[in-house]
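Heads up, the sequence shown is in the UniProt record's numbering, so the first residue is 1 and it goes up one at a time.
C-beta: ideal position from N, C-alpha, C; glycine also.
In what follows, a single structure is set out as structure tokens and then discussed.
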Amino acid sequence: MLNFTKPLYPLLLSSVKSDPETAHRQMLKTLSNLEINRHSVWGNLAIKQLEKSFCIRDSRLQQTLWGLNFNNPFGLAAGFDKDGTAAGMWSSFGFGFAELGAVTLHSQSGNPRPRMFRLPEDKAALNRMGANNLGAAVMADTLAQTWRRQPRKIPIGINLCKSKIAALEEATADYVGSFQYLQDVADYFVINVSSPNTPGLRSLQGGEQLEPILSGLQTANTNSKPILIKIAPDLEWEDIKDILNLATSYNLSGVIATNTTISRDRLNTKILKETGKSIQDEAGGISGFPVKERSTEVIRFIYQETGGKLPIIGVGGIFNAEDAWAKIIAGASVLQVYTGWVYEGPWMVNNVLSGLLAKLDEKGLDNIKDAVGLEH
Ligand SMILES: Cc1cc2nc3c(=O)[nH]c(=O)nc-3n(C[C@H](O)[C@H](O)[C@H](O)COP(=O)(O)O)c2cc1C
């Protein structure tokens, strides 16, 4: 049944009349219901069917990073499952890992809707969600219940953001507060200081403001969980260098490159049809194809600057195996996707992983880790 619908997926996507956020919420609700019922006869059958359709297992794609076992290098990016309500389902879609959130210490409703838009002419999305989420305490409870039903099968990360109501000077306490609720229910953590949709947040990428956050989190990190930082594609090289220096000083485990861009330069879309306004005047971050090249450039730069010593999670504009390979040989150890998965459908993971295996054969490499930074 699932294979039968594959050619119809683009049509299905374009015919979804409800706004993308409503479709997204419905999907998460369905997955959450399925997960809660995973031990019923129908739940078990449905999950097995998903795994049969979407999962690939091959030891050449497997690697260990930060002591965590990644069955494959392709993960779900932050923002898709903000409250972790479908956290137990992402392994069944073939993902090698999944990042939940962004979560904030205080629950918040985000920006007014509509706030998520597809830009099909650009294979892109514009979003200004504003980190809507139920808060760290609720997520901790949701995840504890999920892992009681079924221990996690893939590494799970949590993307931490600052609550909108916390002043920038209170950022450290806010990040640390979320981390304290969540540190036992996930495998790695990400300091998100790069979302364009929380006022002032990206200014926290600057050294003076970033240092206390890194220091506070590492002091609270008594179980030595990997902590990474996620950066914007719009930073200057000098700013990235400063962040890398701090990452080394504070023993961060890696960098995620990149978040969405505030640039509108590469867009074919001129008017956002939902509002009738110029795309230049619409707030929010652009994801998908327009960030592909820049994100790969940033990955390449980080790899060069650190001599490949600081692991990179590469994200931005991946739609196929070629895109994934370009980021790996530029220096990304593992990858994430959001927009590409929406456009290409859930078969995408399988396609990307099969394509990466073909690349390994072509280059005579035994394991995906041998391809990391290959172009340097
Ligand atoms: C609707 C939407 C919500 C997002 N929310 C978050 C978020 O909460 N935290 C975060 O770090 N990144 C968030 N992102 C950014 C993605 O994780 C990713 O970095 C970016 O979209 C580039 O990847 P892509 O081109 O595969 O989408 C969001 C992206 C989209 C499209």
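The C-beta separation of Ala-78 from Glu-99 comes to about 4 Å, placing the pair in contact by the 8 Å criterion. Not one heavy atom of ligand 1 is found less than 7 Å from the C-beta of Met-27. In the structure shown, Gln-150 falls within a coil segment according to DSSP collapsed to helix, strand and coil. Rounded to the nearest whole angstrom, the C-alpha separation of Gly-206 and Pro-212 is 11 Å. Taking 8 Å as the cut-off, the Cβ atoms of Asp-83 and Met-139 count as close. The secondary-structure analysis by DSSP pairs Arg-118 across a beta bridge with Ala-125. When distances are taken from the beta-carbon of Val-337 to the heavy atoms of ligand 1, the shortest one is below 7 Å. Minimum Cα-Cα distance from Thr-22 among the listed residues Ala-124, Met-129 and Lys-309 corresponds to Met-129.
Shown here, Ser-203 sits in a helix according to DSSP, grouped into three states. Per DSSP, the continuous beta strand (DSSP E) segment holding Phe-97 begins and ends at 97-103.
Short note on Ser-18: C-beta not closer than 7 Å to any heavy atom of ligand 1. The Cβ atoms of Asn-268 and Pro-233 do not sit closer than 8 Å to each other. If the five residues before and after Gly-177 are omitted, its C-beta is found closer than 8 Å to the C-beta atoms of Leu-105 and Ala-136, all from its own chain and listed in chain order.
Counting along the chain, no alpha helix (DSSP H) covers Ala-78, and no H or E run does either.
The C-beta separation of Ala-257 from Ile-231 comes to about 6 Å, placing the pair in contact by the 8 Å criterion. Put simply, the region 110-130 touches the region 282-296. At least three CB pairs are less than 8 Å apart. Within the model, the alpha-carbon separation for Gln-280 versus Lys-270 is close to 8 Å. In the three-state DSSP reduction, Lys-230 falls in the strand class (E or B). Between Lys-153 and Ser-53, the gap from beta carbon to beta carbon reaches 8 Å or more. If you draw a straight line from the Cα of Ile-302 to the Cα of Phe-95, it comes to about 25 Å.
Within 10 angstroms of the beta-carbon of Ala-144 lie fewer than 16 other beta-carbons, which makes it exposed. Between Ile-368 and Arg-60, the C-beta gap is smaller than 8 Å, which places the two residues in contact. Nearest C-alpha to Tyr-343 among Asn-72, Pro-114, Ser-109 and Asp-122: Asp-122. Judged by the Cβ position, Ser-287 qualifies as a neighbour of ligand 1 at the 7 Å threshold, a heavy atom of the ligand being closer than this. Around the CB of Ala-86, 16 or more other CB atoms lie within 10 Å, so the residue is classed as buried.
A straight-line Cα-Cα distance of about 33 Å links Ala-171 and Arg-266.
A distance below 8 Å between beta-carbons, with the five flanking residues on each side excluded, links Lys-225 to the following residues of its chain, in chain order: Gln-183, Ala-186, Asp-187, Tyr-188 and Phe-189. In this structure, the straight-line span from the alpha carbon of Gly-67 to that of Lys-277 is close to 48 Å. Taking C-beta atoms as the reference points, Leu-34 and Val-334 fail to come closer than 8 Å. Cα atoms of Lys-164 and Gly-110: separation of roughly 9 Å, rounded to the nearest angstrom. Apart from the 5 residues on each side of it in sequence, Cys-55 sits with its Cβ closer than 6 Å to the Cβ of Gly-94 in its chain, given in chain order. Within the chosen limit of 7 Å, ligand 1 does not reach the beta carbon of Ala-171 with any heavy atom. Counted as a single uninterrupted DSSP element, the alpha helix (DSSP H) harbouring Ala-358 occupies residues 348-363.
Set against 7 Å, the gap from the CB of Asn-259 to the closest heavy atom of ligand 1 is smaller.
Taking the C-beta atoms as reference points, Ile-156 is found no nearer than 8 Å to Gly-101. Residue state for Gly-288 is assigned as strand, using DSSP reduced to three classes.
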